[in-house]
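>
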Ligand SMILES: [Zn+2]
């Protein structure tokens, strides 16, 4: 998993009007409340990457 797949997940897994995840329904025909675990994973992963980049820039 890299930045590209994190972006792809965040682009596909968006909140539907009924509060479920669009990506999970499209990909797996599954109704998951948004944010689903994939979004949580991707955002935590993205936050870590941003933090790492920020700390790297300080050095
Ligand atoms: Zn999802």
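Residue numbers (the UniProt record's numbering): 1 to 59.
In this text, a Cβ means the ideal position worked out from N, Cα and C, and glycines have one as well.
Kindly indicate which three-state DSSP category residue 30 falls into: helix, strand or coil?
Taking the first residue of the chain shown as position 1, residue 30 is located at position 30. Residue 30: coil per DSSP, three-state reduction.
> CB residue 24 to CB residue 30, shorter than 8 Å?
Indexing the chain shown from 1 puts residue 24 at position 24. Indexing the chain shown from 1 puts residue 30 at position 30. The answer is yes: Cβ separation under 8 Å.
> Within the present structure, is the beta-carbon of residue 5 separated from the nearest heavy atom of ligand 1 by less than 7 Å?
Within the chain shown, residue 5 is the residue found at index 5, counting from 1. Result no, Cβ not under 7 Å from ligand 1.
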